[in-house]
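Participant: Going by this note's numbering, the final residue of the sequence shown carries number 604, and the count climbs one at a time with no gaps.
Dropping the structure in here first, questions after.
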Amino acid sequence: MTDTSNISETLRWLRARSEHALSVGVDPSREDAVFGLQLAESAVAKCQLNQENQDHPLQLVVFGPTQSGKSTVVNLLLEANAAGVSALAGYTMHAQGFHVGHGGGDWLSSFFPDYKKVAVAELPRDDADCYSAEEVVSPLQPAPATVWDSPDFDSLRAGDYRESVVRALGLADAALLVVSKDKYADQAVWEVLDLVRALGRPLLICINKVADGDRDVVVNSLLSRLDEYWGSDSKPQVVVLPWQPGLGENAEVPLDVTALRKSVSDIMRQATRDEHRAQLQSLLDHGWPQWRVPLLAEVNAATQWQALVEDCCDSVLKQYKRDYLEHPQQDETFQRSLVELLQLLEIPAVAGVLGKTRQLITWPARQLLGMTGLGEDRHTDPDDSLERRLLLDLFQQSLTRLSETALDRAAEAGGASAWWRGMAGVLRQQREGLSFDFDHQIRDYQIDFEPEIEAAAQKLYEGLQEQPIVLNSLRVARFGADAAGVALAVKSGGLGLIDLALAPAMLSVTSLLTEGAMGKYIDGVMLELRQLQLQRVEKLLVEGGLAVQLGNLPRGLADQPGFYGLDNIQYNSLAEALGQATTERGLV
Ligand SMILES: Nc1nc2c(ncn2[C@@H]2O[C@H](COP(=O)(O)OP(=O)(O)O)[C@@H](O)[C@H]2O)c(=O)[nH]1
Ligand SMILES: [Mg+2]
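Now the structure itself:
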């Protein structure tokens, strides 16, 4: 079984996130989940208390809706005027423990670490994070024991102090629900009862303020309701207290009060702590289907997001192949290899131009374009290469597609719509930065790839050495200044390929090289080069820019209120910590 401190930490984290979501108005239905999480946290603390202070006295917790007579019942049980009774709703605001036959102990403050212990008479009305625990003289049996009076959970102000009801309930070895005749059918009562049932402690229900004539009708109605909710499980015992003026104030004790005391003694005697660890697990099993709903919605949405991102990468790569690598008129890589080759051939006209500017030729080189006068009117950014422009365009298209999808899914009703809205927001915020980063990665890739182009040119040159006829034709070919200019422009990455293909001088070089045995050889070298280029671009997309950066975007939601920010692995370890089944990747 999972270790309790891990359970406790996990529950606390889940609760903090859920409360955060509530505070920003995301999904008000999470209030119930918070209630269940609080009870589970308290049940964990009880298990820890059982281990660390095995002998702490039996704890009976009285709970119920407002004005049902909880404090009155506590006094009847203790046979003392201990708990404050009032006709005002929400009069009891704190958990109040009455020790019978013992004086309490340090274990209590470690069970209520977030609460201040205050004397009953001094419990403040403006601070809910207090409790009291005092010894009373009482004939209650069995003893030693502590009887807890608790605040209501259903009145208007109950939100302020409801947590202390739940904290006290977790401490219970046995529990007593006090409902009044007019409250027993309330939704709020049955919701709490549902949780307490999952907590599994011996439970007694007391219907209070029942007029004599109504007794059978009310009891039968409650019993049939219990049948409906409890099914075949063993149901709690029900006792009745009549509507009787001055109940508990007279010396004469009505029969019903005696019966109540006896039933309470019985459930206290039934209480055993051996079951508490298993009961905690039942409580976790009970809450989990509800707690996991928003988590799963996010994990599923995040899985879908990853699939979308992978899809985008695939389609960018496909388009890059089609529109760049395999596009016959946009063979920028080939042209650049040729320019390198021309340099290696030391053809005078080309070598002259390139030679003069040798130090300036760092590719891409802004300065050179100004010198050649080429391309200025066509490209606003002199660093531009077709490849970079295409990749950037494709990246932008991907971002647009992702935000449109996010907005579409946000518009669909469902648990994940806030997540998608959040993602659309993250994308909007980060779009500029992402594009900037991706651009840098393209340039880094291009600079890294430059030596490969040079190496390919070197191979072409070596091949040419074995083809003296072609080599000679090249050496004697007449290259005008045009060819040199074209070469330089390509070298600096500033010339569109269409221009290059049209440049007659280059055409003549190309045709010399692409025919016969030399042509085959060149095709081979170029094929290898393109394969390498495809690999590098794939790496750029998959390991770099697109996949990783876009894949990490959901993390931006983890810090925003209302989100849990778990991925599939984190979800599974959380589920495991609570003893729940994990999920396969890609679940829906
Ligand atoms: N007449 C009569 N009044 C009761 C009975 N039980 C509780 N009351 C009154 O109902 C009001 C609320 O009782 P209290 O014990 O403070 O309810 P709590 O809010 O559940 O603690 C008080 O005015 C009590 O005197 C009862 O059985 N008969
Ligand atoms: Mg009260």
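Think of the CB as a built atom: it goes at the ideal place given N, C-alpha and C, for glycine as much as any other residue.
Note that the structure is predicted; figures quoted are calculated from it, not measured.
Under 7 Å: does the beta carbon of Gly85 sit that close to some heavy atom of ligand 1?
Facilitator: For this step, residue 85 is matched to residue 69 along the sequence shown. Within the cutoff, so yes.
Participant: Which of helix, strand or coil does DSSP assign to Ser196?
Facilitator: Your numbering for residue 196 matches position 180 in the sequence shown. Three-state DSSP puts Ser196 in a strand.
Participant: Looking at C-beta atoms only, is the number of pairs between the stretch 98-107 and the stretch 302-317 that lie closer than 8 Å three or more?
Facilitator: Too few Cβ pairs lie closer than 8 Å, so no.
Participant: Can you pull the DSSP bridge partners for Lys334?
Facilitator: Indexing the sequence shown from 1 puts residue 334 at position 318. For Lys334, which the question treats as bridged, DSSP gives no partner whatsoever.
Participant: If you draw a straight line from the alpha carbon of Pro155 to that of Leu92, how long is it in whole angstroms?
Facilitator: The count along the sequence shown starts at 1 and reaches residue 155 at position 139. The count along the sequence shown starts at 1 and reaches residue 92 at position 76. If you take the alpha carbons of Pro155 and Leu92, they lie about 11 Å apart.
Participant: Secondary structure at Ser148, three-state DSSP: helix, strand or coil?
Facilitator: On the sequence shown, position 132 is the one that residue 148 refers to. If DSSP states are grouped into helix, strand and coil, Ser148 belongs with the strands.
Participant: Inspect the beta-carbon positions of Thr82 and Ser171 and report whether they are closer than 8 Å.
Facilitator: On the sequence shown, residue 82 is found 66 positions in, with the first residue counted as 1. On the sequence shown, residue 171 is found 155 positions in, with the first residue counted as 1. It is a contact, given that the beta carbons lie within the stated cut-off.
Participant: Give the list of continuous beta strand (DSSP E) stretches no shorter than 3 residues that lie fully inside the stretch 528-594.
Facilitator: The stretch 528-594 contains no whole beta strand (DSSP E) run of 3 or more residues.
Participant: Give the secondary structure of His395 by DSSP, where H, G and I count as helix, E and B as strand, and everything else as coil.
Facilitator: Along the sequence shown, read from residue 1 onward, the residue named residue 395 stands at position 379. Caution applies to His395, whose pLDDT of 36 falls short of 50 and renders its modelled position unreliable; the value that the coordinates give is listed next. His395: coil per DSSP, three-state reduction.
Participant: Considering only DSSP beta bridges, list what Ala190 is partnered with.
Facilitator: In the sequence shown, the residue the question calls residue 190 occupies position 174. Beta-bridge pairing links Ala190 to Leu76.
Participant: If you run the structure through DSSP and keep just helix, strand and coil, what is Asn66?
Facilitator: By 1-based counting over the sequence shown, the position of residue 66 is 50. The answer is helix: DSSP assigns Asn66 an H, G or I state.
Participant: Please return the same chain residues whose Cβ sits closer than 8 Å to the Cβ of Asn22, not counting the five positions on each side in sequence.
Facilitator: The sequence position of residue 22 within the sequence shown is 6, counting from 1. Closer than 8 Å at the Cβ level, and outside the excluded window around Asn22, lie Ala593.
Participant: Below 8 Å, can you find three or more Cβ-Cβ pairs linking the stretch 329-336 to the stretch 232-249?
Facilitator: Output reads no: the stretch 232-249 does not touch the stretch 329-336.
Participant: Leaving out five residues on either side along the sequence, give the residues of the same chain with a beta carbon under 7 Å from the beta carbon of Tyr336.
Facilitator: The residue labelled residue 336 in the question sits at position 320 within the sequence shown. Hits under 7 Å: Leu406, Leu407, Leu410, Val553.
Participant: Could you check which residue in Ser281, Arg217, Val486, Phe579 has the C-alpha nearest to that of Gln295?
Facilitator: Here residue 295 is taken as the residue at index 279 of the sequence shown, counted from 1. The residue with the shortest Cα to Cα distance from Gln295 is Arg217.
Participant: Keeping to the same chain, check which residues put their C-beta closer than 7 Å to that of Leu311; ignore five residues upstream and five downstream.
Facilitator: Residue 311 sits at position 295 when you count from the first residue of the sequence shown. Result list for Leu311: Tyr580, Leu582, Tyr587, in chain order.
Participant: Assuming Leu192 contacts Leu238 (C-beta within less than 8 Å), just tell me the rounded distance between them.
Facilitator: Your numbering for residue 192 matches position 176 in the sequence shown. Your numbering for residue 238 matches position 222 in the sequence shown. 15 Å between Cβ atoms; not a contact.
Participant: Can you say whether Ala201 is buried or exposed, counting buried as having 16 or more other CB atoms within 10 angstroms of its CB?
Facilitator: The count along the sequence shown starts at 1 and reaches residue 201 at position 185. By the 10 Å Cβ count, Ala201 comes out exposed.
Participant: Out of Thr421, Ile458, Ser39, which has the shortest C-alpha to C-alpha gap to Leu556?
Facilitator: Sequence index remark: in the sequence shown, residue 556 carries index 540 (1-based). Considering only alpha carbons, the answer is Ile458.
Participant: Can you check DSSP and say which residues form a bridge with Val255?
Facilitator: If you number the sequence shown from 1, residue 255 lands on position 239. Bridge partners of Val255: Cys222.
Participant: Less than 8 Å between the beta carbons of Arg213 and Ser58, yes or no?
Facilitator: Reading the sequence shown from its first residue, position 197 is the one you call residue 213. Reading the sequence shown from its first residue, position 42 is the one you call residue 58. Their beta carbons are not under 8 Å apart, which means Arg213 does not touch Ser58 by this criterion.
Participant: Once the 5 residues before and after Val50 are set aside, which same chain residues still bring their CB inside 8 Å of it?
Facilitator: Indexing the sequence shown from 1 puts residue 50 at position 34. These residues qualify, in order along the chain: Arg31, Ser34, Glu35, Leu38.
Participant: Given Leu518, which residues of its chain have a CB within under 7 Å of its CB, disregarding the five upstream and five downstream residues?
Facilitator: Locating residue 518 in the sequence shown gives position 502, counting from the first residue. Note on Leu518: pLDDT 42, under 50, position unreliable in the model; the coordinate value appears next. For Leu518, where only same-chain residues beyond five positions count, there are no Cβ hits under 7 Å.
Participant: Which word fits Ile463, buried or exposed, when buried means at least 16 other C-beta atoms lie within 10 angstroms of its C-beta?
Facilitator: For the purposes of this step, residue 463 is taken as the residue at position 447 of the sequence shown. Exposed: under 16 other Cβ atoms inside 10 Å.
Participant: Using the three-state DSSP reduction, which class does Arg100 fall into: helix, strand or coil?
Facilitator: One-based indexing of the sequence shown puts residue 100 at position 84. With the sequence shown as reference, residue 100 is identified as Gly, and Arg is not the correct amino acid for it. Coil at Gly100, not helix or strand.
Participant: Take the Cβ of Gly386 as the centre, count every other Cβ of all protein chains shown within 10 Å, and call the residue buried at 16 or more, exposed below.
Facilitator: For the purposes of this step, residue 386 is identified with residue 370 of the sequence shown, where counting begins at 1. Low confidence applies here, because Gly386 scores a pLDDT of 36, under 50, leaving its location unreliable and the question unanswered by this model.
Participant: Taking DSSP's pairing of strands, which residues face Val116 in a bridge?
Facilitator: Walking along the sequence shown from the start, residue 116 turns up at place 100. BP columns for Val116 point to Val152, Ala161.
Participant: Leaving out five residues before and five after Ala472 in sequence, what residues of the same chain have Cβ atoms less than 8 Å from its Cβ?
Facilitator: Translated into the one-based positions of the sequence shown, residue 472 becomes position 456. Once the five neighbours on either side are set aside, the close Cβ partners of Ala472 are Ser353, Glu356, Val541, Met542, Glu544, Leu545.
Participant: Going by alpha carbons, who is nearest to Val234 out of Leu215, Ala56, Val255?
Facilitator: The sequence position of residue 234 within the sequence shown is 218, counting from 1. Comparing Cα-Cα distances from Val234 to each of Leu215, Ala56, Val255, the minimum goes to Val255.
Participant: Is it the case that the Cβ atoms of Val89 and Ala98 are separated by a distance below 8 Å?
Facilitator: Locating residue 89 in the sequence shown gives position 73, counting from the first residue. Locating residue 98 in the sequence shown gives position 82, counting from the first residue. It is not a contact, given that the beta carbons lie outside the stated cut-off.
Participant: Given a threshold of 16 other Cβ atoms within 10 Å of its Cβ, counted over all protein chains shown, does Leu402 qualify as buried or as exposed?
Facilitator: Here residue 402 corresponds to residue number 386 of the sequence shown, with the count starting at 1. Looking at its Cβ environment, which holds 16 or more other Cβ atoms inside 10 Å, Leu402 is buried.
Participant: Quick check: what's the CA-CA separation for Trp379 versus Phe465?
Facilitator: Here residue 379 is taken as the residue at index 363 of the sequence shown, counted from 1. Here residue 465 is taken as the residue at index 449 of the sequence shown, counted from 1. Confidence is the limiting factor: at Trp379 the pLDDT is only 34, short of 50, which leaves the residue's position unreliable and the question unanswerable from this model.
Participant: Run the CB neighbour count on Asp142, radius 10 Å, all protein chains shown included, and call it buried at 16 or more, exposed below.
Facilitator: Looking up residue 142 in the sequence shown gives position 126. Result: exposed.
Participant: Tell me which same chain residues have a C-beta within less than 7 Å of the C-beta of Asp176, skipping the five on either side of it?
Facilitator: What you label residue 176 is simply residue 160 of the sequence shown in a count that begins at 1. These residues qualify, in order along the chain: Ala144.
Participant: In whole angstroms, give me the CA-to-CA distance for Leu423 and Glu448.
Facilitator: Residue mapping note: residue 423 aligns to position 407 of the sequence shown, counting from 1. Residue mapping note: residue 448 aligns to position 432 of the sequence shown, counting from 1. Whole-angstrom Cα-Cα distance: 19 Å.
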